[in-house]
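> Protein chains in written order, with this note's numbering: chain A, 93 to 337; chain B, 10 to 244.
The beta carbon of each residue, even a glycine, is placed where N, CA and C say it ideally should be.
Given the structure is predicted, the values throughout are model-derived calculations rather than measurements.
This is the structure I have questions about; it appears just below.
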């Protein structure tokens with residue numbers, strides 16, 4: 093994805109800054125309309141009113157089936173791989189790193205988001221097994237890795253109604269499901285070293301990426317125009333009381 | 010007398026089933042109304058807070074803070090706007106640029122209250138972007154004050170607080186206590202809780218103006234009058 097120099101990345105990690113904050117500013121170029129929907133999923137909102145993110149699942153990384161039992165964290169004991177045959181066929185390099193009792197993991201895209209590289213934000217969803225579906229979840233953290241001079245990101249997302257729904261941090265998630273450490277490496281491919289940041293950075297990162305997309309998508313003609321004096325004009329939204337002073 | 014207690018259970022179930030007392034079934038818990046004020050629709054939406062089709066974009070930085078899932082404040086994104094929602098949780102967003110807004114290098118006059126806004130102002134997400142335009146309870150701002158290293162909490166919300174008689178100082182204190190419980194302050198402390206008189210009713214404003222501890226955001230011009238309801242140390 094991005095080509096941040098290593099010192100900048102380490103500085104960002106040290107200071108706890110979101111990666112997007114260090115990416116060079118500049119106008120985001122959106123692709124042609126024909127590929128906007130298929131690549132950036134413009135028909136789907138990124139954020140729901142309950143502050144869950146939407147993630148459209150692209151592929152399964154493997155993992156267990158439906159929760160067999162709930163423990164005190166609301167997590168499940170995972171039993172066996174699902175969809176592993178399909179996954180192994182499509183991603184043979186992942187097979188070696190896939191743990192025997194991995195949780196249900198999937199990679200997906202956050203709609204209407206864009207990074208400086210022109211790619212949408214990739215989410216690693218824990219606790220879902222529905223490829224092609226749109227899953228609601230909360231961002232718990234941000235995984236980062238540098239590979240061949242490129243910085244890659246994965247936002248860890250957990251559905252609130254899923255087996256890990258009560259977890260609020262990556263630490264809680266990993267404590268509840270120790271196999272996730274291997275799963276996080278799997279999110280980048282085998283033998284990948286990753287750095288991790290928490291929820292604050294993940295929220296900031298996703299917010300920046302969605303803001304960048306919306307800013308690029310909305311044109312002047314999509315906005316309400318200012319008055320002749322350059323001031324905004326009074327707007328009466330039907331759902332408001334319209335009780336201006 | 011409590012109607013739920015006055016009616017025997019079968020009779021209550023029958024009435025509910027027939028829809029004869031729908032208000033009882035649909036009304037949110039009274040305690041939330043008492044704690045944070047009744048739900049009201051926003052007083053207005055600014056011209057950029059809805060798109061041309063009238064849809065209200067939600068801030069992509071939105072968090073809804075609850076005891077089960079606290080929010081994480083980020084000093085780099087301050088200030089924040091907050092609103093207590095229908096469920097008694099706190100919707101909170103930073104004031105980041107809005108895609109349907111404009112920048113005003115020469116400043117502008119806001120049509121809703123004729124207030125002047127300084128050159129360089131950029132239209133930003135606010136309370137409407139935290140609620141998607143839906144009804145809310147008391148709202149305000151979270152300001153990070155570097156001098157004290159703390160977050161000050163106020164009732165500054167023209168959408169959900171101003172001129173509403175059911176947005177009292179007590180409700181602001183209740184909201185502030187909830188905010189302190191359900192938000193991670195990013196290593197900072199919690200500062201003062203300030204009731205801005207300009208966001209209360211005229212009657213309450215007249216009464217609080219007699220308060221000997223009245224302070225001003227701009228003491229020289231005596232504008233932005235407020236009363237400190239709680240200090241950072243007192244909570």
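#1: Using a Cβ-Cβ cut-off of 8 Å (strictly less than) and excluding sequence neighbours within five positions of residue 76(B), which residues of its own chain qualify?
#2: For residue 230(A), decide whether its Cβ has a neighbour in chain B, counting only Cβ atoms nearer than 8 Å.
#3: Looking at the structure shown, is residue 194(B) part of a helix, part of a strand, or coil, going by DSSP?
#4: Given that a residue counts as buried once 16 or more other Cβ atoms are within 10 Å of its Cβ, and exposed if not, what is residue 145(A)?
#5: Interface residues of chain A around residue 53(B) at Cβ under 9 Å?
#6: Could you check what DSSP says for residue 224(B) in three-state terms: helix, strand or coil?
#7: I'd like to know whether the C-beta atoms of residue 80(B) and residue 102(B) end up nearer to each other than 8 Å.
#8: Verify the CB distance criterion: does residue 307(A) have a CB-CB separation below 8 Å to chain B?
#9: Can we say the region 251-265 of chain A touches the region 306-320 of chain A, given the rule of at least three CB pairs closer than 8 Å?
#10: Does DSSP put residue 125(A) in a helix, in a strand, or in coil?
#11: For residue 40(B), which three-state DSSP category applies?
#12: Does any residue of chain C have a CB that is nearer than 8 Å to the CB of residue 150(A)?
#13: How is residue 213(A) classed by DSSP in three states: helix, strand or coil?
#14: Does any CB atom of chain A fall closer than 8 Å to the CB of residue 73(B)?
#15: Which first and last residues belong to the alpha helix (DSSP H) in which residue 300(A) is found?
#16: Leaving out the 5 sequence neighbours to the left and right, which residues in its chain are closer than 7 Å to residue 224(B) when beta-carbon positions are compared?
#17: What are the residues of the region 187-200 of chain B that lie near chain A, defined by any Cβ-Cβ distance shorter than 7 Å?
#18: Residue 229(A) lies in the beta strand (DSSP E); which residues open and close that run?
#19: May I have the straight-line CA-CA distance separating residue 328(A) from residue 57(B), to the nearest angstrom?
#20: Would you grab the beta carbon distance between residue 90(B) and residue 135(B) for me? Rounded to a whole angstrom, and I think it's under 8 Å.
#21: Under 8 Å, with one C-beta from each stretch per pair, do the region 317-326 of chain A and the region 108-125 of chain B reach the 3-pair mark?
#22: Determine the direct distance from the alpha carbon of residue 186(B) to that of residue 93(B), and round the result to whole angstroms.
#23: Counting Cβ pairs closer than 8 Å, one from the region 164-172 of chain B and one from the region 206-224 of chain B, do we hit at least three?
#24: Are the C-beta atoms of residue 314(A) and some chain B residue less than 8 Å apart?
#25: Which term fits residue 139(B), buried or exposed, when burial requires 16 or more other beta carbons within 10 angstroms of its beta carbon?
#26: Please classify residue 32(B) as buried or exposed, where buried requires at least 16 neighbouring CB atoms within 10 angstroms.
#27: Of the choices 46(B), 127(B), 114(B), 132(B), whose alpha-carbon is the least far from that of residue 164(B)?
#28: Output yes if chain A places a C-beta closer than 8 Å to the C-beta of residue 129(B); else output no.
#29: State yes or no: is the C-beta of residue 202(A) within less than 8 Å of the C-beta of residue 298(A)?
#30: Report the three-state DSSP secondary structure of residue 178(B) (helix, strand or coil).
#31: What's the gap between the Cα of residue 239(B) and the Cα of residue 201(B)?
#32: With distances taken from CA atoms, which of 144(B), 198(B), 197(B), 215(B) is nearest residue 96(B)?
#33: Could you tell me how far apart the beta carbons of residue 197(B) and residue 241(B) are, in whole angstroms, since I believe they sit closer than 8 Å?
#34: I'd like to know whether the C-beta atoms of residue 138(A) and residue 205(A) end up nearer to each other than 8 Å.
#35: I want to verify the contact list: residues of chain B whose CB lies under 7 Å from the CB of residue 217(A), in sequence order.
#36: In whole angstroms, what separates the C-alpha of residue 224(A) from that of residue 151(A)?
For this structure:
#1: As a working mapping, residue 76(B) is identified with position 67 in the second chain. The beta carbon of residue 76(B) sits closer than 8 Å to those of 190, 191, all from its chain and outside the five residues before and after it, given in chain order.
#2: Taking the first residue of the first chain as 1, we reach residue 230(A) at position 138. Interface residue, yes.
#3: Here residue 194(B) is taken as the residue at index 185 of the second chain, counted from 1. Looking at residue 194(B) - three-state DSSP - the assignment turns out to be coil, as it is neither helix nor strand.
#4: Translated into the one-based positions of the first chain, residue 145(A) becomes position 53. Residue 145(A) is buried by the Cβ-count criterion.
#5: Stepping through the second chain from its first residue, residue 53(B) is reached at position 44. The contact set of residue 53(B) on chain A, defined by CB atoms closer than 9 Å, consists of 326, 327, 328, 329, 332, 333, 334, 335, 336 in chain order.
#6: Position 215 of the second chain, counted from the start, is the residue given in the question as residue 224(B). Three-state result, residue 224(B): strand.
#7: Numbered from 1 along the second chain, position 71 holds the residue referred to as residue 80(B). Numbered from 1 along the second chain, position 93 holds the residue referred to as residue 102(B). Not a contact, by the Cβ cut-off of 8 Å.
#8: Against the first chain, residue 307(A) aligns to sequence position 215. By this cut-off, residue 307(A) is an interface position.
#9: no
#10: Here the question's residue 125(A) lines up with position 33 in the first chain. Note: residue 125(A) maps to helix in three-state DSSP.
#11: In the second chain, the residue the question calls residue 40(B) occupies position 31. Here residue 40(B) sits in helix by DSSP.
#12: Here the protein chains are A and B, and chain C is not one of them.
#13: In the first chain, counting from the first residue as 1, residue 213(A) sits at position 121. In the structure shown, residue 213(A) sits in coil (DSSP, three-state: anything other than H, G, I, E or B).
#14: On the second chain, position 64 is the one that residue 73(B) refers to. For residue 73(B), the answer is yes, since a Cβ of chain A falls inside 8 Å of its Cβ.
#15: Counted from its first residue, the first chain places residue 300(A) at position 208. Its alpha helix (DSSP H) spans residues 291-309.
#16: Numbered from its first residue, the second chain carries residue 224(B) at position 215. Setting aside the 5 residues that flank it on each side, residue 224(B) is surrounded in the same chain by 235, 237, each with a C-beta closer than 7 Å to its C-beta; the list follows chain order.
#17: 195
#18: If you number the first chain from 1, residue 229(A) lands on position 137. From DSSP, the beta strand (DSSP E) with residue 229(A) extends over 226-239.
#19: By 1-based counting over the first chain, the position of residue 328(A) is 236. By 1-based counting over the second chain, the position of residue 57(B) is 48. Approximately 11 Å, taken between the alpha carbons.
#20: Walking along the second chain from the start, residue 90(B) turns up at place 81. Walking along the second chain from the start, residue 135(B) turns up at place 126. Confirmed, about 5 Å.
#21: In short, these stretches touch, since the Cβ pair count reaches three.
#22: Taking the second chain and counting its residues from 1, the one referred to as residue 93(B) is at position 84. Taking the second chain and counting its residues from 1, the one referred to as residue 186(B) is at position 177. Rounded to the nearest whole angstrom, the CA to CA distance from residue 93(B) to residue 186(B) is 12 Å.
#23: yes
#24: Start at 1 with the first residue of the first chain, and residue 314(A) comes out as number 222. Yes, its Cβ sits closer than 8 Å to a Cβ of chain B.
#25: Numbered from its first residue, the second chain carries residue 139(B) at position 130. Buried, because 16 or more other Cβ atoms sit within 10 Å of the Cβ of residue 139(B).
#26: What you label residue 32(B) is simply residue 23 of the second chain in a count that begins at 1. Only weak support is given to the placement of residue 32(B): the predicted model assigns it a pLDDT of 47, under 50, and the value that follows is read from those uncertain coordinates. So residue 32(B) counts as exposed.
#27: Within the second chain, numbered from 1, the residue matching residue 164(B) stands at position 155. Measuring from the Cα of residue 164(B), the nearest candidate turns out to be 46(B).
#28: Numbered from its first residue, the second chain carries residue 129(B) at position 120. No, its Cβ sits nowhere closer than 8 Å to a Cβ of chain A.
#29: Translated into positions along the first chain, residue 202(A) becomes position 110. Translated into positions along the first chain, residue 298(A) becomes position 206. Yes.
#30: Along the second chain, read from residue 1 onward, the residue named residue 178(B) stands at position 169. Note: residue 178(B) maps to helix in three-state DSSP.
#31: To locate residue 239(B), count along the second chain from 1; it is residue 230. To locate residue 201(B), count along the second chain from 1; it is residue 192. If I take the Cα positions, the gap works out to 6 Å.
#32: Your numbering for residue 96(B) matches position 87 in the second chain. Ranking the options by Cα distance to residue 96(B), first place goes to 144(B).
#33: As a first step, residue 197(B) must be located in the second chain, where it is residue number 188. As a first step, residue 241(B) must be located in the second chain, where it is residue number 232. 10 Å between Cβ atoms; not a contact.
#34: One-based indexing of the first chain puts residue 138(A) at position 46. One-based indexing of the first chain puts residue 205(A) at position 113. Taking 8 Å as the Cβ cut-off, residue 138(A) and residue 205(A) qualify as a contacting pair.
#35: Walking along the first chain from the start, residue 217(A) turns up at place 125. None at all; the shortest Cβ gap to chain B is about 17 Å.
#36: In the first chain, the residue the question calls residue 224(A) occupies position 132. In the first chain, the residue the question calls residue 151(A) occupies position 59. When rounded, the distance between both Cα atoms is 8 Å.
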